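Just so you know, we're using this note's numbering here: the sequence shown kicks off at 304 and counts up by one. Glycine included, every Cβ here is placed at the ideal spot set by N, Cα and C. Note that this is a predicted model, so its numbers are computed, not measured. Inspection log for the structure reproduced underneath, given as structure tokens.
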Amino acid sequence: MNTVRDNLSSYKSRTIITSGSYGEGLEMRGSDLDIMQVEKSIKVNADKQPDFNPSITYLSMDTDDVKPGFTQLRLEYSRDQYDLECCEEHNGKIYFSSALCKGNLLFVGDDKVGTIHGPCITNKTGDLDLAPSLHCKTWISSAVNWITRSSSSWPSHKVTQSIINHGVLFVPIGVHGSPKEDLEWRVSFSVAEKLLINTFTHTQLMCYALLKIFLKDVIANDSECKDLLCSYFLKTIIFWISEELPSSVWKPDNLIPCFMRCFSRLVYCVEYSVCLHYFIPENNMFENKTEGHARDEKDI
Numbered sequence: 304m305n306t307v308r309d310n311l312s313s314y315k316s317r318t319i320i321t322s323g324s325y326g327e328g329l330e331m332r333g334s335d336l337d338i339m340q341v342e343k344s345i346k347v348n349a350d351k352q353p354d355f356n357p358s359i360t361y362l363s364m365d366t367d368d369v370k371p372g373f374t375q376l377r378l379e380y381s382r383d384q385y386d387l388e389c390c391e392e393h394n395g396k397i398y399f400s401s402a403l404c405k406g407n408l409l410f411v412g413d414d415k416v417g418t419i420h421g422p423c424i425t426n427k428t429g430d431l432d433l434a435p436s437l438h439c440k441t442w443i444s445s446a447v448n449w450i451t452r453s454s455s456s457w458p459s460h461k462v463t464q465s466i467i468n469h470g471v472l473f474v475p476i477g478v479h480g481s482p483k484e485d486l487e488w489r490v491s492f493s494v495a496e497k498l499l500i501n502t503f504t505h506t507q508l509m510c511y512a513l514l515k516i517f518l519k520d521v522i523a524n525d526s527e528c529k530d531l532l533c534s535y536f537l538k539t540i541i542f543w544i545s546e547e548l549p550s551s552v553w554k555p556d557n558l559i560p561c562f563m564r565c566f567s568r569l570v571y572c573v574e575y576s577v578c579l580h581y582f583i584p585e586n587n588m589f590e591n592k593t594e595g596h597a598r599d600e601k602d603i
């Protein structure tokens, strides 16, 4: 139903992609609706140059001195005044600013339509997160090792090719505290992650759902730990374990052992402050995050 709605909602200038819990088919009590709005008039080039279209704004990736999983987007060409207003100069180069991109979407005329929450604009009622997104049609070099690493039975070659053929997205948020934070964009694999979750057996989905329930009903109720974890970390753990285990393990009568393996991995990740991004392992998402008393809480 979400896919059908996305297809009906998309139009000539933008593609709509439902992400988050709704996009994964695992919406639960209290889930917000997460929408990615992909601008078709802006294209990001990774390696090869596309056929030129004067009505398109072209950007290129610049990953110099940027944490893995993030990039700056350098302006190559644009005749669009709105896009040019989202640009900033840095060291003699013009970059598409993630901060300006979000800021320009906050207002319709003089009316403020929401607040900035991470890479998203959250509406006034707080139940919709809209993430302006950009598309690169080619698979990026920083994630190329995933193609050969995931040569086990999961995911299948067909699914892997579908993921590669789609490319990646970029959402407007930089590394917190970086001197270039307002110019940085995070690489998003939301479509790839949806394709992977679509391959899950019922047991894999149940493990994922149980982890999310544990996060919401146990960890989030502890004032020391509520900001420690998010569902994206849980999803990453499920992906890693799905790659490690044969598909025959994920069966209903093995649900509890499968869940406990995922839970044990979560405890390990928190204890040692390591949770490697599934597509870009050089990005440790727990770096400088799971520290102090909250990490040491044994109740989790």
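Rounded C-alpha distance that separates residue 596 from residue 474:
Counting from one through the sequence shown, the residue named residue 596 turns up at place 293. Counting from one through the sequence shown, the residue named residue 474 turns up at place 171. Caution is warranted here: a pLDDT of 44 is assigned to residue 596, below 50, making its placement in the model unreliable, and the coordinate value is therefore given only provisionally. Whole-angstrom Cα-Cα distance: 31 Å.
Rounded C-alpha distance that separates residue 410 from residue 567:
As a position in the sequence shown, residue 410 is number 107, starting the count at 1. As a position in the sequence shown, residue 567 is number 264, starting the count at 1. Between residue 410 and residue 567, the C-alpha separation is close to 45 Å.
Would you call the stretch 371-383 in contact with the stretch 454-461, where contact means no fewer than 3 C-beta pairs closer than 8 Å?
no
Is DSSP giving residue 583 helix, strand or coil here?
Here residue 583 is taken as the residue at index 280 of the sequence shown, counted from 1. Residue state, collapsed to three classes: coil.
Confirm, please, whether the CB-CB distance from residue 329 to residue 515 is below 8 Å.
Mapped onto the sequence shown, residue 515 falls at position 212. Mapped onto the sequence shown, residue 329 falls at position 26. Yes, Cβ-Cβ distance for residue 515 and residue 329 is below 8 Å.
Between which residues of its own chain and residue 415 is the CB-CB distance below 8 Å, once the five residues before and five after are set aside?
Position 112 of the sequence shown, counting from 1, holds the residue named residue 415. Once the five neighbours on either side are set aside, the close Cβ partners of residue 415 are 409.
Start and end residues, beta strand (DSSP E) containing residue 390
For the purposes of this step, residue 390 is identified with residue 87 of the sequence shown, where counting begins at 1. First-last of the beta strand (DSSP E) with residue 390: 390-393.
Among the residues of its own chain, which have a CB less than 8 Å from the CB of residue 558, if the five just before and after it don't count?
On the sequence shown, residue 558 is found 255 positions in, with the first residue counted as 1. 506, 509 and 510.
Considering only the alpha carbon of each residue, which of 367, 430, 417 and 440 lies closest to residue 342?
Translated into the one-based positions of the sequence shown, residue 342 becomes position 39. When each option's Cα is compared against that of residue 342, the closest is 440.
Please state if the CB of residue 522 and the CB of residue 572 are separated by a distance shorter than 8 Å.
Here residue 572 refers to the residue found at position 269 of the sequence shown. Here residue 522 refers to the residue found at position 219 of the sequence shown. No, Cβ-Cβ distance for residue 572 and residue 522 is not below 8 Å.
Taking C-alpha atoms, which residue in 335, 489, 437 and 418 lies nearest to residue 588?
Here the question's residue 588 lines up with position 285 in the sequence shown. Closest by alpha carbon: 489.
Got a sec, what are the start and stop residues for the alpha helix (DSSP H) residue 575 sits in?
The residue you call residue 575 lines up with position 272 of the sequence shown. From DSSP, the alpha helix (DSSP H) with residue 575 extends over 558-575.
Starting from the C-beta of residue 421, find all residues in its chain whose C-beta is less than 6 Å away, skip the five residues before and the five after it, and write them out in chain order.
Here residue 421 corresponds to residue number 118 of the sequence shown, with the count starting at 1. The answer, listed in chain order, is 476.
Where in the stretch 304-344 do unbroken runs of the beta strand (DSSP E), each at least 3 residues long, occur, reported from the N-terminal end onward?
317-322
Which residue wins for smallest C-alpha separation from residue 320, given the options 562, 347 and 306?
Numbered from its first residue, the sequence shown carries residue 320 at position 17. With distances taken between Cα atoms, residue 320 lies closest to 306.
Could you tell me the alpha carbon to alpha carbon distance between residue 443 and residue 385, rounded to whole angstroms?
Taking the first residue of the sequence shown as 1, we reach residue 443 at position 140. Taking the first residue of the sequence shown as 1, we reach residue 385 at position 82. Each residue's alpha carbon lies about 27 Å from the other.
Given this structure, state the Cα-to-Cα distance separating residue 555 from residue 564, to the nearest angstrom.
As a working note, residue 555 is residue 252 in the sequence shown. As a working note, residue 564 is residue 261 in the sequence shown. Cα to Cα, residue 555 sits roughly 15 Å from residue 564.
Quick one: residues in its chain with C-beta nearer than 8 Å to the C-beta of residue 313, no 5 flanking neighbours on either side, listed in chain order?
Here residue 313 corresponds to residue number 10 of the sequence shown, with the count starting at 1. Around residue 313: 319.
Can the beta-carbon of residue 485 be found less than 8 Å from the beta-carbon of residue 335?
Taking the first residue of the sequence shown as 1, we reach residue 485 at position 182. Taking the first residue of the sequence shown as 1, we reach residue 335 at position 32. No; because the gap between Cβ atoms is not below 8 Å, this pair is not in contact.
Quick one: measure Cβ to Cβ for residue 398 and residue 404, integer angstroms, because I've assumed they're closer than 8 Å.
The residue you call residue 398 lines up with position 95 of the sequence shown. The residue you call residue 404 lines up with position 101 of the sequence shown. In fact, because the Cβ distance is near 11 Å, the residues do not count as touching under 8 Å.
Pick from 419, 472 and 363 that is closest to residue 339, judged by C-alpha positions
Start at 1 with the first residue of the sequence shown, and residue 339 comes out as number 36. Answer by Cα proximity: 472.
Within its chain, find whatever has a CB closer than 8 Å to the CB of residue 518; leave out the 5 residues flanking it on each side and keep chain order.
The sequence position of residue 518 within the sequence shown is 215, counting from 1. For residue 518, where only same-chain residues beyond five positions count, the Cβ hits under 8 Å are 532, 533, 534 and 537.
In this structure, does DSSP put residue 429 in helix, strand or coil?
As a working note, residue 429 is residue 126 in the sequence shown. In this structure, residue 429 counts as coil in the three-state DSSP scheme.
Give a yes or no on whether the C-beta atoms belonging to residue 377 and residue 400 are separated by under 8 Å.
By 1-based counting over the sequence shown, the position of residue 377 is 74. By 1-based counting over the sequence shown, the position of residue 400 is 97. Contact flag unset, no.
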